[in-house]
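Following my numbering, the numbering of the sequence shown begins with 1 at its first residue and continues without gaps.
Quick reminder that beta carbons are idealized off the backbone N, C-alpha and C, glycines included.
Quick caveat, the model's predicted, so the values are computed rather than measured.
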Amino acid sequence: MKNFAHHNARSVDEVVRLVAREKRKVMLNAGGTDLLGLLKDRVLPVYPEMIINIKGIEGLNYLREDKEGLRIGALTKLKHIVESPAVNGRYQLLADAAKSVASPQIRNMATIGGNLAQDVRCWYYRYPDQIGGSIKCLRKGGAVCNALMGENRYHSIFGAAPVESPPCTHHCPAHTAVPSYLEKIRNNEFDEAARIFVDFNPLPAITGRVCPVFCEPHCNRGRYDEPVAIRCVERSLGDYVLDHPEEVYTAPENETGKKVAVIGSGPAGLASAYYLKRAGHTVTVYEKFPEAGGMLRYSIPGYRLPKDVVEKQVRVLKGMGIVFRCDTEVGKDLNIDELRSRYDAVLVATGAWKERAQSLKGDGPVICGLEFLKNVSEGNKSAPGMKVAVIGGGNVAVDVARTLIRLGAEPVIMYRRTQKEMPAFKDEIEKAREEGVAFRYLTLPTRTKKIGEKILLTCLKTRLGPPDKTGRRRPIPKEGSEFASAFDAVITAIGEEPDYGLISGETGKNAGDLLSGNLYMAGDFKNGSTTVIEAIASGREAARAIERRIGTSVPKRPINGLPDLALAVYEPSPRISIEDAPVAERVNDIGREDHPGISLFEATKEAGRCFTCGCLAVNPSDVGTALVALNAEIITSKRTVGAEEFFAPNAAASTVLEQDEMITEIRIPPVPQGARLRYLKFTLRKPIDFTVVSVASVVTINNGICEDARIVLGAVAPRPFRATKAEEMLKGRAVTTKLIGEVSKAALAGSIPLGKNRYKVRIAESLIKRALEGK
Numbered sequence: 001m002k003n004f005a006h007h008n009a010r011s012v013d014e015v016v017r018l019v020a021r022e023k024r025k026v027m028l029n030a031g032g033t034d035l036l037g038l039l040k041d042r043v044l045p046v047y048p049e050m051i052i053n054i055k056g057i058e059g060l061n062y063l064r065e066d067k068e069g070l071r072i073g074a075l076t077k078l079k080h081i082v083e084s085p086a087v088n089g090r091y092q093l094l095a096d097a098a099k100s101v102a103s104p105q106i107r108n109m110a111t112i113g114g115n116l117a118q119d120v121r122c123w124y125y126r127y128p129d130q131i132g133g134s135i136k137c138l139r140k141g142g143a144v145c146n147a148l149m150g151e152n153r154y155h156s157i158f159g160a161a162p163v164e165s166p167p168c169t170h171h172c173p174a175h176t177a178v179p180s181y182l183e184k185i186r187n188n189e190f191d192e193a194a195r196i197f198v199d200f201n202p203l204p205a206i207t208g209r210v211c212p213v214f215c216e217p218h219c220n221r222g223r224y225d226e227p228v229a230i231r232c233v234e235r236s237l238g239d240y241v242l243d244h245p246e247e248v249y250t251a252p253e254n255e256t257g258k259k260v261a262v263i264g265s266g267p268a269g270l271a272s273a274y275y276l277k278r279a280g281h282t283v284t285v286y287e288k289f290p291e292a293g294g295m296l297r298y299s300i301p302g303y304r305l306p307k308d309v310v311e312k313q314v315r316v317l318k319g320m321g322i323v324f325r326c327d328t329e330v331g332k333d334l335n336i337d338e339l340r341s342r343y344d345a346v347l348v349a350t351g352a353w354k355e356r357a358q359s360l361k362g363d364g365p366v367i368c369g370l371e372f373l374k375n376v377s378e379g380n381k382s383a384p385g386m387k388v389a390v391i392g393g394g395n396v397a398v399d400v401a402r403t404l405i406r407l408g409a410e411p412v413i414m415y416r417r418t419q420k421e422m423p424a425f426k427d428e429i430e431k432a433r434e435e436g437v438a439f440r441y442l443t444l445p446t447r448t449k450k451i452g453e454k455i456l457l458t459c460l461k462t463r464l465g466p467p468d469k470t471g472r473r474r475p476i477p478k479e480g481s482e483f484a485s486a487f488d489a490v491i492t493a494i495g496e497e498p499d500y501g502l503i504s505g506e507t508g509k510n511a512g513d514l515l516s517g518n519l520y521m522a523g524d525f526k527n528g529s530t531t532v533i534e535a536i537a538s539g540r541e542a543a544r545a546i547e548r549r550i551g552t553s554v555p556k557r558p559i560n561g562l563p564d565l566a567l568a569v570y571e572p573s574p575r576i577s578i579e580d581a582p583v584a585e586r587v588n589d590i591g592r593e594d595h596p597g598i599s600l601f602e603a604t605k606e607a608g609r610c611f612t613c614g615c616l617a618v619n620p621s622d623v624g625t626a627l628v629a630l631n632a633e634i635i636t637s638k639r640t641v642g643a644e645e646f647f648a649p650n651a652a653a654s655t656v657l658e659q660d661e662m663i664t665e666i667r668i669p670p671v672p673q674g675a676r677l678r679y680l681k682f683t684l685r686k687p688i689d690f691t692v693v694s695v696a697s698v699v700t701i702n703n704g705i706c707e708d709a710r711i712v713l714g715a716v717a718p719r720p721f722r723a724t725k726a727e728e729m730l731k732g733r734a735v736t737t738k739l740i741g742e743v744s745k746a747a748l749a750g751s752i753p754l755g756k757n758r759y760k761v762r763i764a765e766s767l768i769k770r771a772l773e774g775k
């Protein structure tokens, strides 16, 4: 056991003050029957540096019954609950639950508060460190719940406790709650899915087409068969949202009276404008080009992102009340200082349109890649020549080359490294190759010379040396390797950077940082050339920074609740297959989208493949199951929480207790007249083993008719599970043998057993029958 500081607390206030003051990791010790084992086996992901012993606090060890019910101090030992006449008389199921806990020795030490707050009992989570090292399960910060595809006979049959940041969410620059919105889609709740999604990214129809899918390579479904096609589902949802804008793109009910100017209407500008308008501000977007959309409109070719999608996106934002001032260049038509005086905040999100300085020498004319794409977007469908050299290895270079193919040219991409080091999206490189784009790797263009109608491009062959600051191997020119080729045109796409001529002063360190006064920046203007989703995330953070400064804020809606897992989620199912349009059709139509979408029906089916990456460990508290059935309240040093709400809905903790909060009392209301109380527990070994399945029931019957019912299952879910469907079936009906059979089935409806714990369903049904029959 590692060393730790130890403190004996004498009062609840002392505990609260000490925990609040301590910067070290602190844990409380009530009975020690669970904590000491965790410490000895070094199970915890973060070992405590201080243990506060609360066993000596006076006034928390009592059992009192009055007209308002039963009150139990948090440090009351389970032994005393088992022996209490009051508990055994009117609250028998609590006595039975306490008596079922482990052994007499444990019950002599364990407290009711400790039993409620104990950690989960999962083999992977509790694997001792000294036996080959602890297992980094999902609950400890790992990528996957080991029980998902491993030993899971004692785990949940009612879904998983979600983690705050599953792998897909963690790797998404916008930290989109992917499992949460996929859950809504598979339940055909598209409007709710959209509301969740736009809390993170208001442009799903766009990112559903051009996002490089940072998430999918880390999808845990890929460990089983194939990753979920997240981008396909996202696109389907995005198209739905644009067709039903009233669900998420609505004007705010209340205006703040604050005004914000956004310069630039690319992804960062549009995203920030959305969040600022949703917060109730007056938002005006200034765009120097004739149409809004920035690089979305003018640099991404239509075969990847159709212009009508961008136009629809801008249209729904206008419908929210966002004002767009196009053909207005700040710094030329308007002075930025003038904007700063007229608006409460000004956000610069003009992107990265400036081509980086190049070492290419000579007198041969060179075309800028972004300028070429912009001209094509504006309607110029003429190729600059038949044989065209495209210099660069990024997305702009590949977009230029694929566009040239569609204009009838023969492009050659020249890149100084190998394909492995190309920063362009891999799928775009493959599509370019399919369409006939030629590639020359390890080639460094050095100068151009105009010779008649041709341009002579001189190059050097290169070899790869040690990695540079980007992590890619540095290209080193080979001595004596010079060669030249003739082209009709040369287009450069060697990287883009912001043009800071609009502003003065140093840039901030983080997205949304103040430049000075009320001037902010975001997107590629802030971070250099990035992806669309990274620019969106930056725009959202900038909007938050502005909200903090001007004194208003609209909090993000919490995404709570135990997520449901699709019934067939653990059955092998292939990833949806979407074929690109045939090459011959793609290259002959510059405006045709080369990747078709999927229907909402297909999106629902694909969303059903999501594992919902949560912790499948079950809540181990016998007493907790009983208290939920008794409709008890948990009193803490800060608040009163219903027993049903006390157990945490996520994998970060077992309860909702905060770091500086402790249980002080449990209150149980009087049991109704005519109530029948039962607690039954199935274990593998009696009397010391943990719960496999338990049931606690409080059924009120008068004159043969059920007036009320609470049925709670233990050890079948990440928290005590109320069988609400079964309860409703009982109410207002005579409790017959036939009804009991139907109720036991209804209680387990919607269960999702794993590979090795289907037996739990039958055991739970049997226990419910016995409880209702009084056996």
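For M50, the pairing in a beta bridge is given by DSSP as A5, V26.
Apart from the 5 residues on each side of it in sequence, I322 sits with its Cβ closer than 7 angstroms to the Cβ of A273, K277, V283, V285 in its chain, given in chain order. Looking at the DSSP output, K259 sits in a beta bridge with T282. Per DSSP, R473 is one residue of the beta strand (DSSP E) stretching across 473-477. Taking W353 as reference, the option from D594, M149, A746, S529 with the minimal CA-CA separation is S529. H6 counts as exposed, since fewer than 16 other beta carbons sit within 10 angstroms of its beta carbon.
For A746 and H171, the gap between their C-alpha atoms comes out near 39 angstroms. The three-state reading of DSSP puts F214 in coil, since its state is none of H, G, I, E or B.
Per the C-alpha coordinates, the member of T736, P718, S744 positioned closest to R710 is S744. Every beta strand (DSSP E) of 3 residues or more that sits fully in the region 332-362 is shown, in chain order, as 345-348. Linking V532 to V178 through their CA atoms gives a straight-line distance of about 18 angstroms.
The secondary-structure analysis by DSSP pairs C137 with nothing; it has no beta-bridge partner. Closest in alpha carbon position to T625, among I590, E593, L60, A696, is A696. Annotated three-state conformation of C459 is strand, per DSSP. Note on S236: 16 or more other CB atoms within 10 angstroms of its CB, so buried under the neighbour-count rule. With a threshold of 16 other beta carbon atoms within 10 Å, F601 falls short and is exposed. Listed as beta-bridge partners of G69 by DSSP are D66. Contact between I666 and I112 is confirmed by a C-beta separation of about 6 angstroms, below the 8 angstroms threshold. Looking only at S299, A607, F721, S599, the smallest Cα-Cα distance to E644 is reached by F721. Comparing alpha carbon positions, the residue from L456, I668, N619, Q673 closest to T655 is N619. Relative to G257, the option among A251, Y240, H281 whose CA is nearest is H281.
Annotation: R126 to T176 spans about 30 angstroms, alpha carbon to alpha carbon. Straight-line spacing of the CA atoms in P753 and A409 works out to 58 angstroms. When only Cα atoms are considered, Y154 and N757 end up about 6 angstroms apart. Checking the DSSP bridge columns, you'll see N702 partnered with I705.
Within its own chain, the residues whose Cβ lies closer than 8 angstroms to the Cβ of T604, once the five positions on either side in sequence are excluded, are I185, R186, N188, listed in chain order.
When C-beta atoms of the region 362-374 are compared with those of the region 468-484, fewer than three pairs fall below 8 angstroms, so the two segments do not count as touching. N588 counts as exposed, since fewer than 16 other C-beta atoms from the protein chains shown sit within 10 angstroms of its C-beta. Note on T724: under 16 other CB atoms within 10 angstroms of its CB, so exposed under the neighbour-count rule.
The count of Cβ pairs closer than 8 angstroms, one atom from the region 144-160 and one from the region 47-56, stays below three, leaving the stretches out of contact.
Bridge partners of M320 according to DSSP: none are assigned. Short of 7 angstroms from the beta carbon of N88, and not among the five residues preceding or following it, lie these beta carbons of its own chain, in chain order: A95.
Look at V583 here: in three-state DSSP terms it is helix.
Taking every protein chain shown into account, the CB of Y91 has 16 or more other CB atoms within 10 angstroms, so this residue is buried.
Under a 10 Å Cβ-count criterion, A542 is classified as buried, with 16 or more other Cβ atoms of the shown protein chains found around its own Cβ. Below 8 angstroms, too few C-beta pairs join the region 583-598 and the region 627-647 to call them touching: fewer than three.
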